[in-house]
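What follows is a single structure, written as structure tokens, with notes after it.
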Ligand SMILES: Nc1ncnc2c1ncn2[C@@H]1O[C@H](COP(=O)(O)OP(=O)(O)O)[C@@H](O)[C@H]1O
Ligand SMILES: [Mg+2]
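In the working numbering, the protein residues as written are 41 to 398.
Below is the structure:
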């Protein structure tokens, strides 16, 4: 059997660069070496691309970037007649044809439709959501509007643009006050990730500062009512007929699941299954499947919810199109519990990429 040539993209010009290196390392370690020949492509935080042929153990800690003898400038060409990676060396170039790509990248410039657009132009099958669904799910305002319109319950929200806010501050503050009279509120950049730029706001006096903080990350900002609830996550896998895992639960170590609670502190807790009645858990799984289809997702997504403590009301929070994929991340763990091992999961994702490209 001919091995399929699969490129794994890691790193990326994103605030989630480091977590991508760990996701990619886990994928490289666990992917079937009988079925696939791997081409490793590292992208630095500045957006430089390299073919990396050195020791795989140098990927997770970032040492690959200084391993100069094992890296060569390389990039995927948007030219579909090339169908792969162009590698540059000593003023010459060579081409590596690719059967598929795993863009193991999180956040901006990876999970937001940019890489997906490039791969679509190149006509190379790739794992995960397409250009549109990646971009739409990355953008919290678009996700909120689309899902609310489709009848899926979201926390109440308002949104503003930077230009309008700068010249109409009072009007904006009035609009937010009218739409969202009660605190706490969450102020978020529409496009970001890893909780970067997000503030939980407890009173009117802190609102402007939180809005300005969010504007440092994006020109559009979302303001949401704060839900006092359990944080529940659900993994979805498939193209037209997706399967949904059981629910998992996050208990953040901080007041909310901020950057520190996600990546620095070891005190945030992850429970599989979530502490939920079966009825609510099934309701969440149904909503996850519906949201996945409405947002036109394919391949995979992790869909995050809040279950309000006093009322048991279910609110969808967000859709992550390339969720953390380390061997201890929620997405693979949820499917492991459902009976699909990490290696099988990678295999299924690659097959889904080929199926969609047909
Ligand atoms: N409306 C909300 N109510 C309560 N908590 C929220 C709300 N929005 C966000 N949070 C908290 O902030 C965290 C990060 O927000 P999220 O929208 O998931 O952004 P990111 O894409 O950065 O993960 C959530 O995991 C949760 O802890
Ligand atoms: Mg989140």
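In this text, a Cβ means the ideal position worked out from N, Cα and C, and glycines have one as well.
Measure the C-alpha to C-alpha separation of residue 189 and residue 195 and round it to an integer number of angstroms. Their Cα atoms are separated by approximately 13 Å.
Beta carbon nearer than 6 Å to a non-hydrogen atom of ligand 2: Summarising the contact set, residues whose Cβ lies nearer than 6 Å to any heavy atom of ligand 2 are, in chain order, 344 and 358.
Would the beta-carbon of residue 261 be found less than 8 Å away from any heavy atom of ligand 1? Residue 261: no, Cβ never under 8 Å from ligand 1.
Looking only at C-alpha atoms, which of 332, 321 and 285 sits nearest to residue 380? Comparing Cα-Cα distances from residue 380 to each of 332, 321 and 285, the minimum goes to 285.
Close-in-space but distant-in-sequence residues of the same chain around residue 115 (CB under 8 Å, 5 per side omitted): Cβ within range, chain order: 89, 125 and 126.
Paired residues, beta bridge with residue 270 - DSSP: Under DSSP, residue 270 forms a beta bridge with 347.
Mapping DSSP to helix, strand and coil, what is residue 194? Note: residue 194 maps to coil in three-state DSSP.
For residue 371 versus residue 66, is the C-beta distance shorter than 9 Å? The answer is no: Cβ separation not under 9 Å.
Where residue 316 falls: helix, strand or coil (DSSP): For residue 316, the secondary structure class from DSSP, reduced to helix, strand or coil, is coil.
For the pair the segment 146-160 and the segment 173-180, tell me if three or more CB-CB distances fall below 8 Å. Two segments are said to touch when three or more pairs of C-beta atoms, one from each, lie closer than 8 Å; by this definition the segment 146-160 touches the segment 173-180.
Cβ separation of residue 94 and residue 110, assumed to be a contact under 8 Å, to the nearest whole Å: About 3 Å separates the beta carbons of residue 94 and residue 110, which is inside the 8 Å limit, making them a contact pair.
I'd like to confirm something about residue 305: is its beta-carbon nearer than 8 Å to some heavy atom of ligand 1, or not? No, the beta carbon of residue 305 sits no closer than 8 Å to any heavy atom of ligand 1.
Does the beta-carbon of residue 204 have 16 or more other beta-carbons within 10 angstroms, so that it is buried, or is it exposed? So residue 204 counts as exposed.
Please report the distance separating the alpha-carbon of residue 221 from that of residue 202. C-alpha separation (whole angstroms): 22 Å.
Tell me residue 63's beta-bridge partners as DSSP assigns them. Residue 63 is not bridged to any residue.
Pair within 9 Å by beta-carbon distance, residue 312 and residue 187: Not closer than 9 Å, so no.
With DSSP as the reference, label residue 220 as helix, strand or coil. DSSP places residue 220 in coil when its eight states are reduced to three.
Using a threshold of 8 Å, is the CB atom of residue 371 nearer than that to any non-hydrogen atom of ligand 1? No.
Between the segment 68-80 and the segment 155-170, do at least 3 Cβ pairs fall closer than 8 Å? The segment 68-80 vs the segment 155-170: no contact.
Backbone secondary structure at residue 368 - three-state DSSP: Here residue 368 sits in coil by DSSP.
Grab the span of the beta strand (DSSP E) containing residue 253 for me, first residue to last. Counted as a single uninterrupted DSSP element, the stretch harbouring residue 253 is not any beta strand (DSSP E) but the alpha helix (DSSP H) occupying residues 247-255.
Give me the Cα-Cα distance between residue 243 and residue 355, rounded to the nearest whole angstrom. When rounded, the distance between both Cα atoms is 23 Å.
Check: residue 153 C-beta below 8 Å from any heavy atom of ligand 1: Flag unset: Cβ of residue 153 not near ligand 1.
Quick one: using the 10 Å Cβ neighbour count with 16 as the cut-off for buried, is residue 339 buried or exposed? That one is buried.
Check the DSSP bridge columns for residue 114 and list the partner residues they point to. For residue 114, DSSP records a beta bridge to 127.
Which residues does DSSP list as the beta-bridge partners of residue 240? According to DSSP, residue 240 bridges with 226.
Could you give the C-beta distance for residue 161 and residue 229, rounded to a whole number, given that I count them as a contact under 8 Å? Here residue 161 is actually not in contact with residue 229; their C-beta atoms are around 28 Å apart, not less than 8 Å.
Which of the three DSSP states is assigned to residue 297 in this structure? For residue 297, the secondary structure class from DSSP, reduced to helix, strand or coil, is coil.
Please report how far the alpha carbon of residue 184 lies from the alpha carbon of residue 366, in whole angstroms. For residue 184 and residue 366, the distance between alpha carbons rounds to 28 Å.
Let me check you understand the geometry: is the CB of residue 240 closer than 8 Å to at least one non-hydrogen atom of ligand 1? It does: the Cβ of residue 240 is within 8 Å (strictly closer) of some heavy atom of ligand 1.
What are the boundary residues of the beta strand (DSSP E) that residue 362 is part of? Taken as a continuous stretch (DSSP letters only), residue 362 belongs to no beta strand (DSSP E), as it is neither H nor E.
Taking contact to mean 3 or more Cβ pairs, one atom from each stretch, closer than 8 Å, check whether the segment 300-307 and the segment 382-394 are in contact. Contact between the segment 300-307 and the segment 382-394 is not established, with fewer than three Cβ pairs separated by less than 8 Å.
For residue 260 versus residue 200, is the C-beta spacing smaller than 9 Å? By the CB criterion at 9 Å, residue 260 and residue 200 fall inside the cutoff.
Bridge-paired residues (DSSP) for residue 287: DSSP output for residue 287 lists 274 as bridge partner(s).
With burial defined as no fewer than 16 other Cβ atoms inside 10 Å of the residue's Cβ, what is the status of residue 39: buried or exposed? In this structure the chain extends from 41 to 398, so residue 39 is not present and cannot be described.
In the structure shown, what three-state DSSP assignment does residue 134 receive? Residue 134: strand per DSSP, three-state reduction.
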